[in-house]
Structures are given as C-alpha cells and as structure tokens.
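Data first, discussion second: the structure below is written as structure tokens.
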Amino acid sequence: MAQSKVVICGVGLIGGSFALALKKSALALRRDLQVVGMGRTRAPLEQALQLGVIDVIATDWASALDGTDLVLLGMPVGQMSAVMQALAPHLQPHTIVTDGGSTKSDVVAAARVALGDKIGQFVPGHPIAGAEKSGVAAAQSDLYFEKRVVLTPLPENSAEDVKAVRTVWELCGAKVSQLGPEEHDRVFAAVSHLPHLLAFALVHDFAQRPNSDQLFGFAAGGFRDFTRIASSHPEMWRDICVANRQALLQELDAYMVELMRARVLLAGGDAEGLEQLFSTARARRDAWLDSISPSGE
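As structure tokens, then:
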C-alpha cells in the first residue's frame, strides 16, 4: 500500500469501515499507516479514536493535509461542497481525494467549483456496501469484502491516480468497477435510491395510521425484510434523494405505472395475470441471486 497517511473526513459507517479495512491490510502487509480523522463534531471523533478506528484527530485542514497521500470524504453528499471548499486551499499536489457518496453528478459539480484547477486530484467513488445502522460504532473491517465499489473517473484524472484509488479499495477487499457519473446516477436511482424511498414511505404510511400499533404488532418477517433499509440514516438519504431527484423521479414514475398495472390485475381478479407477474419477478430475482452468490448456490 503506497499510502502512509490517510485522512478520513466523516468517520461514520463508510469512513470508519474504510479506515479499519486499510489498517487491517497495512498490518498484514507490515506497512506503516496513520489514519487521521476529521469531522463536524468532536464526540464521534473521540469515539473513533477510542475504538482504534483513527489514530489522530485533526482540527484544521492545513495540518490534516500535511504529508497526506489520500483523503476520503465520507460525509453525506449535501455536505461535500462546503468540505471541498475548506480543504481546497491546503491540498498538496501529491494528495488524491476520493469520496464515498451515493450520487456522483452533484459531487463532481461541487468538486469542479471548489477545486478548480486541482480537479484532476479528485477521483469520485461510491462503495456499494452499507448497513441500516450508521455511526462509527457500526464500522467493520470487512464491510467492503467482496462488495462492489464504483469509480467514476474524470477526464482530468491521471491513470496513475485512478489506479491508486482502485488499489486502495481492492486492499479493502472490494471489487472495483467504473461508470460515468451520469450513468452511475441513473443506475443507482433504480436499484438503490428508489428502494430506500419506497421503504421509508411504507413505514411512514403505517406510522401515521390510527391503528399503527396494531399493524406493527402483527408485522413479521416479510415486513421486516422489505423495510430493513428504512432504518438507514435519514440525513444521508435526504441528501441522496434531493441530489438525484430527476433520475429518481423517473424511476418513481415508472414504478407507479407498474403498481397501477398490478392494481388493474388485482381489481379484475386476474389470477393468471398476477401469477405471471409474480413468476417473472421471482425468476429474475432468483437468477440475480445466483449471479451474486460466491458459491453459486
């Protein structure tokens, strides 16, 4: 691992797990690594220090970036612009900046404004891994093992910097892919952002009903599995949905059409039509599960 000093800004689940994975890799490779933590508030950083996730707490970007090889921005995407503006004046020529944001077009636009002619030092990324629990206490060293990380390189990025970011994620155990920022946002509006929006909306619907306690009292495995991601970080998902709202609205509209199709089948008592819909969905989901199963089972 080339990096000897890494700064994590936003030491929560994503940033904390990144730090732990790099520490584990550095230990295995017998290489020195210092992880520096930055953040909005002191308490989470103190907790990260106590847990051994970071080695040092930095209070300003000038000292944090001194001699730093890599910066990971792990905060919600709505905070990226302000953080980039703050770090930009202190960014050294050899330092690479990457991020863990779930949207890319907005983050890239913010980076272009904040970094200016240093934009080539920013290699955007998105780890496709997480959990419904947030915060540094939920961080785990194997969070990225066998999980996908998507990089969305910019024309200004050097091949060496993109390779360096790819290598770091691979050291965390991840499988690295590449997409363009706009293509990334369209894909993840469908497979990630829409499911989260639906899960939040369903739980919110039940929570507002007069018989809410009764509904939740009888809810079991199906409801739990469908709504697991509604326990995700509200601020983070607020920022994601707003940032990617155009692509997300297109996916939501398409899903509403599909729901109406299912409603027509149900209202008409069309058992054959419903079974065909369910069978098609089941077959495609089973094929997908087979494709991502390491053992093929």
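Heads up: the sequence shown runs through residues 6 to 302, numbered per my numbering.
The beta carbon of each residue, even a glycine, is placed where N, CA and C say it ideally should be.
None of the values given here were measured: they were computed from a predicted structure.
Exercise. Roughly how many whole angstroms lie between the Cα atoms of F211 and S217?
Worked result: Taking the first residue of the sequence shown as 1, we reach residue 211 at position 206. Taking the first residue of the sequence shown as 1, we reach residue 217 at position 212. So the two alpha carbons sit approximately 6 Å from each other.
Exercise. Which residues mark the beginning and the end of the beta strand (DSSP E) in which M43 is found?
Worked result: Numbered from 1 along the sequence shown, position 38 holds the residue referred to as residue 43. Per DSSP, M43 belongs to the beta strand (DSSP E) from 39-43.
For this session: Determine the DSSP secondary structure at K152, reduced to helix, strand or coil.
Result: Counting from one through the sequence shown, the residue named residue 152 turns up at place 147. Reduced to three states, the DSSP call for K152 is coil.
Problem set entry | Supposed close pair V155, L176 - CB separation, criterion 8 Å | On the sequence shown, residue 155 is found 150 positions in, with the first residue counted as 1. On the sequence shown, residue 176 is found 171 positions in, with the first residue counted as 1. Actually they do not touch by this definition, with Cβ atoms about 17 Å apart.
Problem set entry | Environment of F223 [buried if 16+ CB atoms lie within 10 Å] | Counted from its first residue, the sequence shown places residue 223 at position 218. Exposed, by the Cβ-count rule.
Problem set entry | For V181, the nearest candidate out of L203, D190, P158, R290 (CA to CA) | The residue you call residue 181 lines up with position 176 of the sequence shown. Looking at the Cα atoms, P158 is the closest of the given residues.
Exercise. Thinking C-beta only, is K28 closer than 9 Å to L38?
Worked result: Along the sequence shown, read from residue 1 onward, the residue named residue 38 stands at position 33. Along the sequence shown, read from residue 1 onward, the residue named residue 28 stands at position 23. The answer is yes: Cβ separation under 9 Å.
Problem set entry | Residues that DSSP places opposite Q183 in a beta bridge | Position 178 of the sequence shown, counted from the first residue, corresponds to residue 183. L156, per the DSSP bridge assignment.
Exercise. What is the rounded straight-line gap between the Cα of Q84 and the Cα of G106?
Worked result: Position 79 of the sequence shown holds residue 84. Position 101 of the sequence shown holds residue 106. So the alpha carbons of these two residues sit roughly 10 Å apart.
For this session: Could you check the C-alpha separation between D111 and G274 for me, to the nearest Å?
Result: Your numbering for residue 111 matches position 106 in the sequence shown. Your numbering for residue 274 matches position 269 in the sequence shown. Approximately 45 Å between the Cα atoms of the pair.
Exercise. Taking one C-beta from the region 280-291 and one from the region 138-147 each time, how about it: are there three or more such pairs within less than 8 Å?
Worked result: no
For this session: Provide the residue span of the beta strand (DSSP E) that contains V76, from first to last.
Result: As a working mapping, residue 76 is identified with position 71 in the sequence shown. Taken as a continuous stretch (DSSP letters only), the beta strand (DSSP E) holding V76 covers 75-78.
Problem set entry | Cβ-based burial, I297 [other Cβ within 10 Å; buried from 16] | Within the sequence shown, numbered from 1, the residue matching residue 297 stands at position 292. Label assigned to I297: exposed.
Exercise. Can you list the alpha helix (DSSP H) stretches of 4 or more residues lying completely in the region 19-105, in chain order?
Worked result: 47-55, 66-69, 85-92
Problem set entry | Per DSSP, cross-strand counterpart(s) of K10 | Here residue 10 is taken as the residue at index 5 of the sequence shown, counted from 1. K10 is bridged to Q39.
Exercise. Skipping 5 residues on each side, what residues in its chain have a beta carbon closer than 7 Å to that of L25?
Worked result: What you label residue 25 is simply residue 20 of the sequence shown in a count that begins at 1. Only V58, A144, Q145, S146 meet the Cβ criterion.
Problem set entry | the region 288-295 in contact with the region 223-240 per 3-pair CB rule at 8 Å | no
Exercise. Roughly how many angstroms separate the alpha carbons of Q90 and D104, rounded to a whole number?
Worked result: Position 85 of the sequence shown, counted from the start, is the residue given in the question as residue 90. Position 99 of the sequence shown, counted from the start, is the residue given in the question as residue 104. Roughly 14 Å between the two C-alpha positions.
For this session: Give me whichever residues DSSP pairs with G273 in a beta bridge.
Result: For the purposes of this step, residue 273 is identified with residue 268 of the sequence shown, where counting begins at 1. Its beta-bridge partners do not exist; DSSP assigns none.
Exercise. Distance, Cα to Cα, E151 vs P215?
Worked result: Within the sequence shown, numbered from 1, the residue matching residue 151 stands at position 146. Within the sequence shown, numbered from 1, the residue matching residue 215 stands at position 210. The alpha-carbon atoms of E151 and P215 are separated by roughly 44 Å.
For this session: Measuring alpha carbon to alpha carbon, tell me which of D65, T108, V113 ends up nearest L96.
Result: Within the sequence shown, residue 96 is the residue found at index 91, counting from 1. Nearest C-alpha to L96: D65.
For this session: Can you give me the Cβ contacts of V11 inside the same chain, cut-off strictly under 8 Å, excluding the 5 residues immediately before and after it?
Result: Within the sequence shown, residue 11 is the residue found at index 6, counting from 1. The residues are A24, L27, L38, Q39, V40, V41, T73, D74, L75, V76, L77.
Exercise. Comparing the CB of L184 with every heavy atom of the ligand COA, is any distance shorter than 8 Å?
Worked result: As for the ligand COA, it is missing from this structure, which has no ligand bound.
Exercise. Under three-state DSSP, which class holds V128?
Worked result: The count along the sequence shown starts at 1 and reaches residue 128 at position 123. V128 falls in the strand class under three-state DSSP.
Problem set entry | Member of G278, Q52, K109 whose CA lies at the smallest distance from the CA of H189 | Taking the first residue of the sequence shown as 1, we reach residue 189 at position 184. Selected option, being the one with the closest Cα: K109.
Exercise. Nearest to G44 by alpha carbon, out of A63, L70, P160?
Worked result: For the purposes of this step, residue 44 is identified with residue 39 of the sequence shown, where counting begins at 1. Considering only alpha carbons, the answer is A63.
For this session: May I have the straight-line CA-CA distance separating S300 from E256, to the nearest angstrom?
Result: Counting from 1 along the sequence shown, the entry for residue 300 is found at position 295. Counting from 1 along the sequence shown, the entry for residue 256 is found at position 251. Its pLDDT being 46, under 50, S300 is placed unreliably by the model, and the measurement read from it follows with that caveat. So the alpha carbons of these two residues sit roughly 32 Å apart.
Exercise. In whole angstroms, what separates the C-alpha of F221 from that of E240?
Worked result: Here residue 221 refers to the residue found at position 216 when the sequence shown is read from its first residue. Here residue 240 refers to the residue found at position 235 when the sequence shown is read from its first residue. The straight-line gap from Cα to Cα measures roughly 24 Å.
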